[in-house]
Each structure stands twice: as structure tokens, then as C-alpha cells.
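A.B. asks: Structure in C-alpha cells, see below.
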Amino acid sequence: MLQQFADRLSARNLKASEPGTVRLHRHRIYIVPTLHGLYFGLALFVMLLSAINYSNSLAFMLTFLLGSMFILSMIKTHHNLLGLNLRCGISQPVFAGQTALLKINIHNPGKRERYDIFANDDTILPILEANASDTIQIPVTTTRRGHLSPGRIRIATRYPLNLTRAWSWWQPDYTLTVYPKPETNAPPVKLRGQSGTGERTRTTPAQGDEFVGLRNYAAGDPLSRLTWRRQNAEGLPCLKQFHEQIDSGLWLSWDSVSNLGNIEQRLSRLCQWVLECDARHEPYGLSLPNQLIEPASGSAHLHQCLTALALFQMPRVQKV
-14 MLQQFADRLS
-4 ARNLKASEPG
6 TVRLHRHRIY
16 IVPTLHGLYF
26 GLALFVMLLS
36 AINYSNSLAF
46 MLTFLLGSMF
56 ILSMIKTHHN
66 LLGLNLRCGI
76 SQPVFAGQTA
86 LLKINIHNPG
96 KRERYDIFAN
106 DDTILPILEA
116 NASDTIQIPV
126 TTTRRGHLSP
136 GRIRIATRYP
146 LNLTRAWSWW
156 QPDYTLTVYP
166 KPETNAPPVK
176 LRGQSGTGER
186 TRTTPAQGDE
196 FVGLRNYAAG
206 DPLSRLTWRR
216 QNAEGLPCLK
226 QFHEQIDSGL
236 WLSWDSVSNL
246 GNIEQRLSRL
256 CQWVLECDAR
266 HEPYGLSLPN
276 QLIEPASGSA
286 HLHQCLTALA
296 LFQMPRVQKV
């Protein structure tokens, strides 16, 4: 009850989203006794009454000694958070329904170690060396695509004796990218040329077949083009590529999924097709009503296409 009341009271002073690095100064740190601390304080009160009743000097000494230990423990708990620097690291995007991991970099600029630092009460950093940094990962549940704000984060500690609990709130100015959930058992990729013919767009030379390089073999390629002298990183043979065979790429079009019921189903299928094309190392482009991404390949292109699907008609940042 006391902790919940203190959380609600301290959350009122929470600032808006804070970009960059945040330092935990003394005005940001709150501290209250834990349940063990309350029992400990009650025991001290009973001991004090007994010492007064019997006028026992040894009882007075023990009571004051334990009371001093409680006060020193409170100061140590507060100092365990004081001066720490917090900032968000780069977190990997996930698909809707998966658990994202929000990376938080904690830097200790002081000359003493810090111990048992919690983030949202479910992730712990056992020890943080002096003048060193470490990273903790906070699990964030995702349900929808788009940009997701992790919300407020509570950094807390009960070190050293678990008699008091110090904490600080932080609202990072950071968003996680959540891709659409890929459709399971989706049909094969339905290709569409940019001209709307439903074919792959091609480049054909005016004269002859000019050799321009090698590429990975894909299902359906002619076996006569295979070269066994050159292999890719996976040990598979490469395919000779001539100028007549160079594709400008596959086009994954919004119109090709117009038969599906709603926007989320369309995005889910396009997401699966993007992953399929990337797995085959084929150049592909993405055509949406508000955006056109030219054919390419690679991880950067994959992220660009999946991000476009994630943010399609999603102007607002979601909150956890």
C-alpha cells in the first residue's frame, strides 16, 4: 500500500519525454521503507519502549545502534542510484505479437560500484563497476504494428539491506519499430510489373548477350548457366548472368492484395512476400498508395520496406 501510494505520488512529477542522456540527480530519486523496513522500524520502537520501561542502558545502546544502521542503510540506498546516467540504446525491430527488448545503457561515472539495480522490477543489473557502463534489456509486449513508445521506466534499488527502496521515473524519448505480423501459409508471391502487366520488368540489350557477373542460383533458373568453379558463401554454385537476364526487380503491389478484406490482412501478406523475396536474394520493389520503393535487395532495403508497411496509415505513436 505504501509503495503504491508513493508510486502514484511520484509519477505526478514525471516529466515529458526526455531525449538523449538523463542524469539521476537527488531531486529525481524517491525513497520509502520496504515491508521489511517497516517491520524493522516497529521492532526498534518496541525495543525503545522496553529500554525506557526497564531503564536498561544496554537495551538503549542496542536500539540506537540498530537505528543508526537503518539510517545509514537508507543513505546507502539513495547513493546507489545517485549520479547514474541513462540513455536508450538501439533496439531491434520485431514483428507484431513478439516481445521487443528495449536496451537501456547505464553509465556509472562515480568511483564506487553500484549493486542490484532494477528496471521495472523485472530486470536486474547485479553489479555496475566504477566508471563503467552496462546494458540491460527490458521486455516490451507488442500487439500492433507501428511506432511503439515504451512508456515510463522505473529504475530502482533495495541495496544494501532491503530495508528501504529508492527509485526514479524516466520517460525516454524513444520509439520501437513494430513490423506487421507476416501471414502464415500465404500464397506464393504474386508479381506485378510497374507497368501493370503482371510481369517482371526486364532490360534487354540491342545486340548479343553480354556477360556481366554472377549471382546466387534460384529455383527456376536454367541449369546450363551454372558455374561450378565459383561458389557462394554457402558452398552452392553460382549462376552466370548476362545482360539480357538482368531484371529491374519484382514489384510487390498494393493492388495485388486488393482481394483481401482489410488493411491489416493486406499488410500481413505483403510483409510475408517481402520476407520471401529477401530470403531468395531477389531484387524487389514495394508499391503502396502513398509510397514507392524502387527494387533493390539487402538488409537495409528489407528494413525500409518493412518499416513502410509498419507505418502505413499509422500517424500516431502507440503507448504500452
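Anchor point for the sequence shown: position 225 equals 210 in our numbering, and the numbering is continuous, going up by one each time. All C-beta atoms in this analysis are idealised placements derived from N, C-alpha and C, irrespective of residue type, glycine included.
Check the DSSP bridge columns for Y164 and list the partner residues they point to.
C.D. replies: Partner(s): F80.
A.B. asks: Output the distance between the C-alpha atoms of N70 and R97, rounded to the nearest integer angstrom.
C.D. replies: If you take the alpha carbons of N70 and R97, they lie about 14 Å apart.
A.B. asks: Should L66 and P135 be called a contact, given that it needs their Cβ atoms to be closer than 8 Å?
C.D. replies: It is not a contact, given that the beta carbons lie outside the stated cut-off.
A.B. asks: Compare the Cα-Cα distances from S118 to each of D106, P274 and G68 and report the closest residue.
C.D. replies: The shortest C-alpha separation from S118 is found at G68.
A.B. asks: Label E184 either buried or exposed according to how many other C-beta atoms from any shown protein chain fall within 10 Å of its C-beta, with 16 as the threshold for buried.
C.D. replies: Because E184 carries a pLDDT of 36, less than 50, the predicted location of this residue cannot be relied on, and the following value inherits that uncertainty. Per the 10 Å Cβ criterion, exposed.
A.B. asks: Return yes when the Cβ of T149 is within less than 8 Å of the Cβ of T62, no when it is not.
C.D. replies: Against a cut-off of 8 Å, the Cβ pair of T149 and T62 comes out as a contact.
A.B. asks: Taking the straight line between their C-alpha atoms, what separation do you get for L294 and A264?
C.D. replies: Roughly 18 Å separates the two Cα atoms.
A.B. asks: Note down the Cα distance separating L20 from N147, rounded to an integer number of angstroms.
C.D. replies: If you take the alpha carbons of L20 and N147, they lie about 9 Å apart.
A.B. asks: Here's a check: name, in chain order, each residue in its chain whose Cβ is nearer than 6 Å to the Cβ of V302, leaving out the five neighbours to either side.
C.D. replies: These residues qualify, in order along the chain: H132, S134 and T160.
A.B. asks: Taking the C-alpha atoms as reference points, what is the distance between L23 and W152?
C.D. replies: Distance between the alpha carbons of L23 and W152: 18 Å.
A.B. asks: Taking just the CA atoms, how far does I102 sit from I109?
C.D. replies: So the alpha carbons of these two residues sit roughly 6 Å apart.
A.B. asks: Could you pull the DSSP bridge partners for I121 from this structure?
C.D. replies: Per DSSP, I89.
A.B. asks: Using only CA atoms, which one of S282, L252, P268 and E267 lies nearest to Q298?
C.D. replies: For Q298, the nearest C-alpha among the options comes from L252.
A.B. asks: Per DSSP, what kind of secondary structure is N70 in: helix, strand or coil?
C.D. replies: N70 falls in the strand class under three-state DSSP.
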